[in-house]
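Chemist: In the numbering used here, the protein residues as written are 741 to 881.
Idealized CB from N, CA, C, for every residue including glycine.
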Amino acid sequence: MLKSTLFALSVAFVAVFSSATYAEQKQTLGNWDVHYSAFTSTFLAPKVAATYGITRSASKGVLNISVLDKNTQAPQELEVTGQVVNPLGQVQSLEFQKITEAEAVYYITQFDYTNAETLRFTINIGDEQTLKFNQEFWLND
């Protein structure tokens, strides 16, 4: 539970204090509110990254997804899969790790990128919904 809380706090910190490019976003898909945040892995504290097996690197990003019932805001446990495509058409399959705490469920994964690269994300949520978004990433020191 402590490590889930650390992760949630770390992601909240990123969403609040980072640039708008990395802030949390939301799309309503069917009966779900899908919250997502993609950011460079170096934004995570080393201890939090180590707890979840996340590699901190200027060229590695983290995608965090949370799916809530749009009426009750109850967290949803379901299958999340996806891929990310770079401008050259190279595809990376995304393998999500589920993090569960008392009142929250998160799905996290990592992906690679190069400087000034716009990535296209396609995330399959459950059997019915697909989240699609593009985001630009920059290498940081």
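For THR870, name the three-state secondary structure that DSSP assigns.
Modeler: In the structure shown, THR870 sits in a strand (DSSP, three-state: E or B).
Chemist: Does the stretch 810-824 come close enough to the stretch 782-792 that 3 or more CB-CB pairs lie under 8 Å?
Modeler: Short answer: they don't touch.
Chemist: Using 10 angstroms around the beta-carbon of ALA842, count the other beta-carbons present and answer buried if the total reaches 16, otherwise exposed.
Modeler: It is exposed - the Cβ of ALA842 has fewer than 16 other Cβ atoms within 10 Å.
Chemist: Could you check how far apart the C-beta atoms of SER777 and ASN804 are, in whole angstroms? I think they sit under 8 Å.
Modeler: SER777 to ASN804, Cβ: 5 Å. Contact.
Chemist: Secondary structure at PHE851, three-state DSSP: helix, strand or coil?
Modeler: It is a strand residue.
Chemist: Who are the near neighbours of ALA798 in its chain, counting only those whose CB is closer than 8 Å to its CB and skipping five residues on each side?
Modeler: Excluding positions up to five away in sequence, the list reads THR780, THR782, LEU879, ASN880, ASP881.
Chemist: Does ALA778 get closer than 8 Å to chain B when you measure Cβ to Cβ?
Modeler: The chain inventory of the structure shown lacks chain B, comprising one protein chain alone.
Chemist: By the three-class DSSP mapping on this structure, what secondary structure does LYS810 have?
Modeler: Three-state result, LYS810: coil.
Chemist: Could you spell out where the beta strand (DSSP E) holding ALA778 opens and where it closes?
Modeler: Note, ALA778: beta strand (DSSP E), 772-780.
Chemist: Rounded to whole angstroms, what's the CA-CA distance from ASN771 to GLU868? Just pull it up for me.
Modeler: In a straight line, the C-alpha of ASN771 is about 10 Å away from that of GLU868.
Chemist: With the cut-off set at 8 Å, would you say TYR709 and GLN830 are in Cβ contact?
Modeler: With the chain running from 741 to 881 in the structure shown, residue 709 is simply not present.
Chemist: Alpha carbon to alpha carbon, how far is THR862 from PHE873?
Modeler: Taking the straight line from one Cα to the other gives about 7 Å.
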